[in-house]
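Worksheet: the structure to be examined is printed underneath.
Number of protein chains: 2
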Amino acid sequence: MVEEKTPGVPYDAEHRRSLGGSEATALGVDVGGTKILVGAVTKAGEVVEARRYRMDRSTQELTLSSIRTAVEGFMGAWADTAPLALGLGVVGQTKPAAGLWVQAMNLPIHSPVPLGRLMRKQTGLPCVLDNDVHAATLAELRWGIGKEYKDFIYLNIGTGLAAGLVSNGQLVRGAANYAGELGHMLVDPGGSLCPCGQRGCLEPICSGDGILAQVREGLIDYPDSILCEPLRDETLTASQVFQAAEAGDPLAMRITSKVVQALSTALTNLVNLLNPAVIVYGGGVLKDNRPVGTSGLMEKVSGLVSANALVAARRAFIGIWPSHLDPDRAGLLGAACLAWDYLEKRGR
Amino acid sequence: MVEEKTPGVPYDAEHRRSLGGSEATALGVDVGGTKILVGAVTKAGEVVEARRYRMDRSTQELTLSSIRTAVEGFMGAWADTAPLALGLGVVGQTKPAAGLWVQAMNLPIHSPVPLGRLMRKQTGLPCVLDNDVHAATLAELRWGIGKEYKDFIYLNIGTGLAAGLVSNGQLVRGAANYAGELGHMLVDPGGSLCPCGQRGCLEPICSGDGILAQVREGLIDYPDSILCEPLRDETLTASQVFQAAEAGDPLAMRITSKVVQALSTALTNLVNLLNPAVIVYGGGVLKDNRPVGTSGLMEKVSGLVSANALVAARRAFIGIWPSHLDPDRAGLLGAACLAWDYLEKRGR
Chain A
12 MVEEKTPGVP YDAEHRRSLG GSEATALGVD VGGTKILVGA VTKAGEVVEA
62 RRYRMDRSTQ ELTLSSIRTA VEGFMGAWAD TAPLALGLGV VGQTKPAAGL
112 WVQAMNLPIH SPVPLGRLMR KQTGLPCVLD NDVHAATLAE LRWGIGKEYK
162 DFIYLNIGTG LAAGLVSNGQ LVRGAANYAG ELGHMLVDPG GSLCPCGQRG
212 CLEPICSGDG ILAQVREGLI DYPDSILCEP LRDETLTASQ VFQAAEAGDP
262 LAMRITSKVV QALSTALTNL VNLLNPAVIV YGGGVLKDNR PVGTSGLMEK
312 VSGLVSANAL VAARRAFIGI WPSHLDPDRA GLLGAACLAW DYLEKRGR
Chain B
12 MVEEKTPGVP YDAEHRRSLG GSEATALGVD VGGTKILVGA VTKAGEVVEA
62 RRYRMDRSTQ ELTLSSIRTA VEGFMGAWAD TAPLALGLGV VGQTKPAAGL
112 WVQAMNLPIH SPVPLGRLMR KQTGLPCVLD NDVHAATLAE LRWGIGKEYK
162 DFIYLNIGTG LAAGLVSNGQ LVRGAANYAG ELGHMLVDPG GSLCPCGQRG
212 CLEPICSGDG ILAQVREGLI DYPDSILCEP LRDETLTASQ VFQAAEAGDP
262 LAMRITSKVV QALSTALTNL VNLLNPAVIV YGGGVLKDNR PVGTSGLMEK
312 VSGLVSANAL VAARRAFIGI WPSHLDPDRA GLLGAACLAW DYLEKRGR
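Chains A and B, in that order, give the protein sequences. Sequential numbering from 12 applies to the first sequence in the working numbering. Sequential numbering from 12 applies to the second sequence in the working numbering.
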């Protein structure tokens, strides 16, 4: 396990003192497919310290030991006031009340893991967990858009694609805490096969992994595309694809146009169905789309949603905005928010 | 205004006495596109008396005067214990807190109407209103499926198509009390034009009006269809189309197959997105599909949803069931439920 300090997220002693030195914190653990971000966060949502650790996802056991080592590493290195609690945001399905990580698709969690109990045993802290997009949505409720609006959608597009649905200030969880799987909304009947078994889902068209897969396939027809080289070098990102489309690369334009079409269809469906005031977005894929220009991808999506939604729904709909929360910290803030929510319920 | 007693819903004096004679009631007014159903309903959801009145929807003024006359007619004819409050379920958009009927598409409500205030002035009773499908969903919460499940969807297919979404025992209302417009989910990109302006919406494929329109169009290609005569006689119903499909009529089979496909796509999207425990359905179109046989339309839809939804969502999903509430009374119970919810909040 190599400990890597997050580039650009150093421990800032001066900033720390400005926060009052001994201000209480909760720990957040953002468990992603390739990295683990651990941080200490104040009740006001200030990240006091954050460190990044590698995830070894070869097996379920190594996945869990990566999490244990990351938390141990952080608590050893960051010898400040003892944190009050620990929250974990993980991909896949969870049972928060039981502290259970039920299953995941992007990490090899095949049998339910009592992660809450395991981490409590390790750290001595109260430990709570939830799905990562649910957690980021709760952070929006506490520190972001939720301070202004009670009905909103948090759209996360990273490696995968999911949404957090908020109705009247409450996260919609569903019967098994699994609500928000927007990635498998059917937007292109007869389209390409999704790992979920359906054809034409949103995720393979618009997610980071999906966009790269489309480049890979498309290079057969467009061998001269400027995406060829970065794909071969494994440095290609979704943002580069959108930029190449702006620059007129035909393959990039074809993929980007499909992303805009599919995303606007799905979000129009959501606006008609849930009548939100706002959609805020975050996640790696859309990160470089902020600040949003008039030619930006999400501006186009926003224009289509406003044009196509039902009159009464569109009148109440203010727009599609990038989240004000730092996109590199959304998962971490979400995880820490779980801990603060827990503490608040217990009157701390 | 002609007063018509609902066939099969006579005043049953013996049943009334069995309820305790003077049991308290609230009035419900179910304002539909072609009729108005007014009834007295006990707190336990028993319909003590119900009468049906004609709706004249030539103009906004005549629509409102139809409602006034219906309520006046009912209160004059039904000289029992004074009801405690009056609830109105209306098509279109409402602002319940302001007692405002904002607009409707199937009735000529073009400018906002202070219907709550108008009815209070007329009856002297506290008057509350809401959208009719929201109201029916609240009735499911109080007297139906909500007694067992906290996360469910109420699907209403009548002249139009809409849904009531319930998360953790709460109706999802949205920012402008307009959530639930499932009818305009895109299920058939490039399909026929919907009055909303989009192509390929669910409603023109699956609603009662939509099914009849498809028969009308389809008769050009299938002039020998057994649907020809009942369509000409204006007696054709959606149920007859489904029955004709079972009997092997090619046009009916084509339409029914499209209904099954579109509905299962939309409901799979809903199950993935909202992770409900159950979907219950009501409304005129599906009325004759109960009791549901293995060859029934909704059985086929149910099978497809269970096959196509994500594993975790489908594991938590119990099924698609007809509502236990009388389909002829769902709107009336919904309207009365609004009144009972109001009374309960005020401790009555």
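Beta carbons are placed, not taken as given, at the ideal position from N, Cα and C, and that holds for glycine. Computed from a prediction, not measured in an experiment: that's the story for all the values here.
Check                                                                                                                                                                                  : Outcome
Measure from the C-beta of Gly44/A to each C-beta in chain B and report whether the shortest distance is under 7 Å.                                                                    : no
Do you know offhand how far Leu308/A's Cα is from Val271/A's?                                                                                                                          : 7 Å
Output, in chain order, the set of chain A residues within a Cβ distance shorter than 8 Å of Gln114/B.                                                                                 : Ala323
Might you give, ordered along the chain, the residues of its own chain that have their beta carbon closer than 8 Å to the beta carbon of Leu285/B, omitting 5 neighbours on each side? : Asp162, Ile164, Leu176, Ser178
Going by beta carbon distance, what residues of the same chain come within less than 6 Å of Asp352/A, once the five residues before and after it are set aside?                        : none
Tell me the residue span of the alpha helix (DSSP H) that contains Thr74/B.                                                                                                            : 71–88
Check whether the stretch 201–214 of chain B and the stretch 244–251 of chain B are in contact - that is, three or more C-beta pairs closer than 8 Å.                                  : no
Between the stretch 181–193 of chain A and chain B, which residues of the former have a C-beta closer than 9 Å to a C-beta of the latter?                                              : Gln181, Leu182, Val183, Arg184, Gly185, Ala186, Ala187, Asn188, Tyr189, Ala190, Gly191, Glu192, Leu193
On the three-state DSSP scale, how would you describe Ala1/B?                                                                                                                          : Residue 1/B falls outside the range modelled here, since chain B spans only 12 to 359, and no answer is possible.
Report back the beta-carbon spacing between Gly56/A and Leu274/A to the nearest angstrom; my notes put them in contact at under 8 Å.                                                   : Gly56/A to Leu274/A, Cβ: 28 Å. No contact.
Taking the continuous beta strand (DSSP E) assigned at Asn283/A, which residues delimit it?                                                                                            : Here Asn283/A belongs to no beta strand (DSSP E); instead the alpha helix (DSSP H) covers 261–285.
Below 8 Å between beta carbons is the criterion; list the residues of the stretch 96–124 of chain A that meet it against any residue of chain B, in chain order.                       : Gln104, Val113, Gln114
Indicate whether Ala81/B and Val49/B have their beta-carbon atoms separated by less than 7 Å.                                                                                          : yes
Quick one: give me the first and last residue of the alpha helix (DSSP H) that Ile216/A is part of.                                                                                    : 214–217
Can you grab the Cα-Cα spacing for the pair Glu240/A / Ala258/A, in whole Å?                                                                                                           : 16 Å
Taking a cut of 8 Å between CB atoms, which residues from the stretch 202–221 of chain B lie near chain A?                                                                             : Cys207, Gly208, Gln209
Return the CA-CA distance between Gly185/B and Val296/B, expressed in angstroms with no decimal places.                                                                                : 26 Å
Tell me, please, which residues DSSP counts as bridged to Asp339/B.                                                                                                                    : The partner list for Asp339/B (beta bridge, DSSP) is empty, contrary to what the question assumes.
Give the DSSP-derived three-state secondary structure of Leu129/B in the structure shown.                                                                                              : helix
Among residues of its own chain, excluding the 5 on either side of Met86/B, which ones have a beta-carbon nearer than 7 Å to its beta-carbon?                                          : Thr134
Which of the three DSSP states is assigned to Cys348/B in this structure?                                                                                                              : helix
Can you name the residues of chain B whose CB is closer than 8 Å to the CB of Met196/A?                                                                                                : Asn280, Asn283, Leu284
Please list the segments of the beta strand (DSSP E) lying wholly inside the stretch 135–199 of chain B, counting only runs of 3 or more residues, in order along the chain.           : 138–142, 163–168, 172–178
Just to confirm my understanding: we take Val226/A, look at its own chain, exclude 5 residues before and 5 after, and list those with CB closer than 6 Å. What are they?               : Leu238, Leu242
Cα separation between Gln71/A and Val101/A?                                                                                                                                            : 13 Å
Can a CB atom of chain A be found closer than 7 Å to the CB of Thr276/B?                                                                                                               : yes
Within a Cβ cutoff of 8 Å, which residues of the same chain sit near Glu83/A, ignoring the five residues on either side of it in sequence?                                             : Gln133
Do the CB positions of Ala347/B and Gly157/B come within less than 7 Å of each other?                                                                                                  : no
Is Leu166/A near Ile290/A, with beta carbons less than 7 Å apart?                                                                                                                      : yes
Do you know offhand how far Thr74/B's Cα is from Val42/B's?                                                                                                                            : 10 Å
Give me the chain B residues within the contact set of Asn167/A, using Cβ-Cβ distance strictly less than 9 Å, ordered along the chain.                                                 : Here the premise fails: no neighbours, minimum Cβ distance about 14 Å.
In or out: Pro338/A buried (at least 16 other Cβ within 10 Å) or exposed?                                                                                                              : buried
So with CB distances below 7 Å, who are the chain A contacts of Ala288/B?                                                                                                              : Ala186
Can you tell which of Ala109/B, Pro261/B, Ser69/B has its C-alpha closest to the C-alpha of Ile120/B?                                                                                  : Ser69/B
Quick one, which of Cys207/B, Val316/B, Thr246/B, Ile329/B has its alpha-carbon nearest Ser317/A's?                                                                                    : Cys207/B
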